[in-house]
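Q: Okay, handing you the structure first.
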Amino acid sequence: FFSVRALMAEAAQVVEFKQRGNAAHQAGDFRHAIFFFSTALSLNKDAEGAHVLYSNRSASYCMLEDYTRALEDAETVVKLKPNWPKGYSRKALALHNLRQYGDAIEAYQRGLALEPASDLMQKGLEDVIANKK
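Next comes the structure, spelled out in structure tokens:
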């Protein structure tokens, strides 16, 4: 059993590692970003907001061109938060880079159904369709 103080300390660590991961990603240090997001997830995979950690780690994997791991994290995002459009955007980007064009189109369409005004997803969808030809 955990004390309230221990749980609060753990939550603070998750936030700190998330912030460090975001800073590393912004600086282009994707390997360290992945480390920090992974560390935050290891502290509490079931935390509220875990979908954001998986999403951010997926983006870092994409930047390292590790699209298989990016896809695994994106699929976790979609399972954890099926109504969050960004999860479908992450999934579609990984699928596109894995040349799974049909699945990428489907993922973009699911995301656009949730957020029709997303220029990013609309452009991604158009890029996949152009690459598919």
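In my numbering, the protein residues as written are -8 to 124. For glycine and all other residues, C-beta sits at the position ideal for the given N, C-alpha and C. Keep in mind that this is a model prediction, so the values were computed, not measured.
1) Give a yes or no on contact between the stretch 29 to 41 and the stretch 49 to 57, applying the rule of three or more CB pairs nearer than 8 Å.
2) Can you give me the C-alpha to C-alpha distance between residue 82 and residue 41, rounded to a whole angstrom?
3) Taking the beta carbon of residue 110 as the centre, do at least 16 other beta carbons fall within 10 Å, making it buried, or is it exposed?
4) Between which two residues does the alpha helix (DSSP H) holding residue 40 run?
5) Helix, strand or coil for residue 46? Go by DSSP, reduced to three states.
6) Taking only the alpha-carbon atoms, compute the straight-line gap between residue 113 and residue 58 and give it to the nearest angstrom.
7) Got a sec, what are the start and stop residues for the alpha helix (DSSP H) residue 91 sits in?
8) On the CB-based measure, 16 or more other CB atoms within 10 Å of its CB, does residue 77 come out buried or exposed?
9) Just checking my contact of residue 30 with residue 45 at CB under 8 Å: how many whole Å lie between their CB atoms?
10) Does the Cβ of residue 103 have 16 or more other Cβ atoms within 10 Å, making it buried, or fewer, making it exposed?
11) Measure how close the beta-carbons of residue 92 and residue 115 come, nearest whole angstrom, since I'm counting them as under 8 Å.
12) Rounded to whole angstroms, what's the CA-CA distance from residue 28 to residue 19? Just pull it up for me.
13) Could you say which of 60, 101, 26 lies nearest to residue 8 if we only look at CA atoms?
A: So, to answer that:
1) No: the two stretches stay apart, fewer than three of their Cβ pairs being nearer than 8 Å.
2) The residue you call residue 82 lines up with position 91 of the sequence shown. The residue you call residue 41 lines up with position 50 of the sequence shown. Distance between the alpha carbons of residue 82 and residue 41: 16 Å.
3) Reading the sequence shown from its first residue, position 119 is the one you call residue 110. With fewer than 16 other Cβ atoms inside 10 Å of its own Cβ, residue 110 counts as exposed.
4) To locate residue 40, count along the sequence shown from 1; it is residue 49. Unbroken run through residue 40: none, as it is neither H nor E.
5) Position 55 of the sequence shown, counted from the first residue, corresponds to residue 46. Under the three-state reduction of DSSP, residue 46 is assigned to helix.
6) For the purposes of this step, residue 113 is taken as residue 122 along the sequence shown, with counting starting at 1. For the purposes of this step, residue 58 is taken as residue 67 along the sequence shown, with counting starting at 1. Cα to Cα, the separation comes out at about 20 Å.
7) Numbered from 1 along the sequence shown, position 100 holds the residue referred to as residue 91. Element bounds for residue 91: n/a, residue is neither H nor E.
8) The residue you call residue 77 lines up with position 86 of the sequence shown. Under a 10 Å Cβ-count criterion, residue 77 is classified as buried, with 16 or more other Cβ atoms of the shown protein chains found around its own Cβ.
9) As a first step, residue 30 is located in the sequence shown; it is residue number 39 there, counting from the start. As a first step, residue 45 is located in the sequence shown; it is residue number 54 there, counting from the start. Cβ-Cβ separation between residue 30 and residue 45: approximately 13 Å, too far for a contact (criterion under 8 Å).
10) One-based indexing of the sequence shown puts residue 103 at position 112. With at least 16 other beta carbons inside 10 angstroms of its own, residue 103 counts as buried.
11) Looking up residue 92 in the sequence shown gives position 101. Looking up residue 115 in the sequence shown gives position 124. Incorrect: roughly 12 Å between the Cβ atoms, too far for contact.
12) Position 37 of the sequence shown, counting from 1, holds the residue named residue 28. Position 28 of the sequence shown, counting from 1, holds the residue named residue 19. Approximately 14 Å, taken between the alpha carbons.
13) Indexing the sequence shown from 1 puts residue 8 at position 17. Of the residues 60, 101, 26, the one whose Cα lies closest to the Cα of residue 8 is 26.
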